[in-house]
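In what follows, a structure is listed as structure tokens, so that the remarks can point back to it.
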Amino acid sequence: MTPPEANALCADGPCRNTLVRVEQDIGIVQVAVPSGRPVAAARYRITRERVHHPSRSAPFIVLRWIADA
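The working numbering numbers the first residue of the sequence shown as 533 and each following residue consecutively.
Structure follows, in structure tokens:
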């Protein structure tokens with residue numbers, strides 16, 4: 533089974549430049565942090581921002597990191 537195509541980009545934080553798949557339009561999602569990091573997951577807010585990349589016809593949704601307080 534092929535994994536679903538990524539439709540979102542983490543713009544900052546511990547998952548910066550990571551492509552992920554989100555299935556909701558608004559809210560907060562947990563993104564798995566790449567291995568070698570001290571935290572297993574980071575929280576990201578789904579934004580209205582979009583970025584285009586030539587590898588994909590539809591724009592990527594931009595996710596912004598919610599820094600732990």
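Using N, Cα and C, we set each Cβ at its ideal position, and we do this for glycine too.
According to DSSP, residue i sits in a beta bridge with which residue or residues?
i	result
His584	DSSP, once it has assigned bridges, lists no residue as partnering His584.
Ala573	Ala564
With H, G and I counted as helix, E and B as strand and the rest as coil, what does DSSP make of residue i?
i	result
Pro546	helix
Val554	coil
Thr579	strand
Val565	coil
Ile598	coil
Pro535	coil
Comparing C-alpha positions only, which one of the options sits nearest to residue i?
i	options	result
Leu595	Met533, Pro566, Glu581, Glu537	Glu581
Arg577	Pro586, Ala564, Ile560	Ile560
Arg588	Asp600, Cys542, Gly545, Leu551	Leu551
Asn549	Val565, Pro535, Pro536	Val565
Trp597	Asp557, Ala590, Val583, Cys542	Cys542
Asp544	Gln556, Glu537, Pro536, Thr579	Thr579
Check the C-beta distance from residue i over to residue j and give it rounded, since I have them as a contact under 8 Å.
i	j	result
Val554	Ala540	5 Å
Ala574	Val583	With 8 Å as the limit, Ala574 and Val583 do not qualify as a contact, their Cβ atoms being about 19 Å apart.
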